[in-house]
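Residue numbers (my numbering): 506 to 728.
All residues carry an ideal CB built from backbone N, CA and C; glycine is no exception.
Inspection log for the structure reproduced underneath, given as structure tokens.
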């Protein structure tokens, strides 16, 4: 069963004694860091994990063996971030022009008067960035990562349906930077290799130091 950090933390805020909430959130963050460090210390640098978990707008997704959440019983973990597109005056141009993604989560509502149709499309553009994913070594290749990703994609689709009901102009994608050995796994879900550079995605660059000699596989899935 999948669990999500935003729900876990909100539940604690709503139900725990006020004096215990901060301690719970701090311990929860430490537990997440230690879990990822145990599962992927050879693949993911500590500083990257720390940066990703330190941003409270990122959502941590867990696949738990049990029906009740216990972090020790979660063989797979994934972190993602939702970003809404922030159009600027420079982006009022043809649809095939290059554009970039802002670091803000606030949606811009341009004036309908004289608004470019392309800008209206941008208004409903959302990107979900998968920032981190790992599975405990002895549980790899047993379907746990697939169950986690299945749940995350389902959650995003349900959220998209609620937020964009009846809007045919919505442009929703899941984007990630994959290592070469994981490309086939993501392709099996319908992700496409975009051949874009990681430098085209500010969200990915904000957590990872760019290495010119490293090969980045930027993949996307349209929702």
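Beta-carbon spacing of residue i, residue j below 8 angstroms
| i | j | result |
| --- | --- | --- |
| residue 653 | residue 507 | yes |
| residue 728 | residue 682 | no |
| residue 677 | residue 725 | no |
| residue 634 | residue 586 | yes |
| residue 580 | residue 666 | no |
| residue 684 | residue 583 | no |
| residue 649 | residue 568 | yes |
Coil, strand or helix - residue i by DSSP
| i | result |
| --- | --- |
| residue 533 | helix |
| residue 557 | helix |
| residue 720 | coil |
| residue 707 | helix |
| residue 549 | coil |
| residue 570 | coil |
| residue 715 | coil |
| residue 562 | coil |
| residue 645 | coil |
| residue 542 | helix |
| residue 520 | helix |
| residue 507 | strand |
| residue 618 | At residue 618, the pLDDT of 44 sits below 50, so the modelled position is not reliable and the matter cannot be decided from this model. |
| residue 515 | helix |
Distance between residue j and residue i (C-alpha atoms, nearest Å)
| i | j | result |
| --- | --- | --- |
| residue 779 | residue 571 | Only positions 506 to 728 of the chain appear in the structure, and residue 779 is not among them; the question remains open. |
| residue 638 | residue 524 | 32 angstroms |
| residue 512 | residue 696 | 27 angstroms |
| residue 703 | residue 711 | 11 angstroms |
| residue 544 | residue 647 | 15 angstroms |
| residue 566 | residue 522 | 25 angstroms |
| residue 670 | residue 528 | 39 angstroms |
| residue 660 | residue 538 | 23 angstroms |
| residue 542 | residue 630 | 34 angstroms |
| residue 482 | residue 530 | Nothing can be reported for residue 482: it is not among the residues displayed for the chain, which extend from 506 to 728. |
| residue 550 | residue 662 | 31 angstroms |
| residue 510 | residue 520 | 15 angstroms |
| residue 719 | residue 688 | 15 angstroms |
| residue 690 | residue 709 | 20 angstroms |
| residue 578 | residue 643 | 13 angstroms |
| residue 516 | residue 668 | 22 angstroms |
| residue 717 | residue 698 | 19 angstroms |
| residue 607 | residue 562 | Interpretation of residue 607 is limited by its pLDDT of 41, a score under 50 that renders its predicted location unreliable; the figure taken from the coordinates is listed afterwards. Taking the straight line from one Cα to the other gives about 14 angstroms. |
| residue 514 | residue 533 | 9 angstroms |
| residue 651 | residue 693 | 10 angstroms |
| residue 556 | residue 715 | 15 angstroms |
| residue 721 | residue 589 | 23 angstroms |
| residue 553 | residue 675 | 32 angstroms |
| residue 713 | residue 576 | 26 angstroms |
| residue 548 | residue 686 | 12 angstroms |
Check: residue i C-beta below 7 angstroms from any heavy atom of the ligand NAD
| i | result |
| --- | --- |
| residue 514 | For the structure depicted, the ligand NAD is absent and the ligand set is empty, with no information on it obtainable. |
Those residues which DSSP pairs with residue i across a bridge
| i | result |
| --- | --- |
| residue 729 | An answer regarding residue 729 cannot be provided, because it is not within the stretch 506 to 728 covered by the chain. |
| residue 727 | 678 |
| residue 583 | 566 and 638 |
| residue 630 | 676 |
| residue 652 | According to DSSP, which records beta bridges pairwise, residue 652 is partnered with nothing at all. |
Any chain C beta carbon closer than 8 angstroms to residue i
| i | result |
| --- | --- |
| residue 659 | Chain labels in this structure do not include chain C; a single protein chain is all it has. |
Which ranges does the beta strand (DSSP E) cover as unbroken runs of at least 3 residues, wholly within the region 654-694, from first to last along the chain? 676-683
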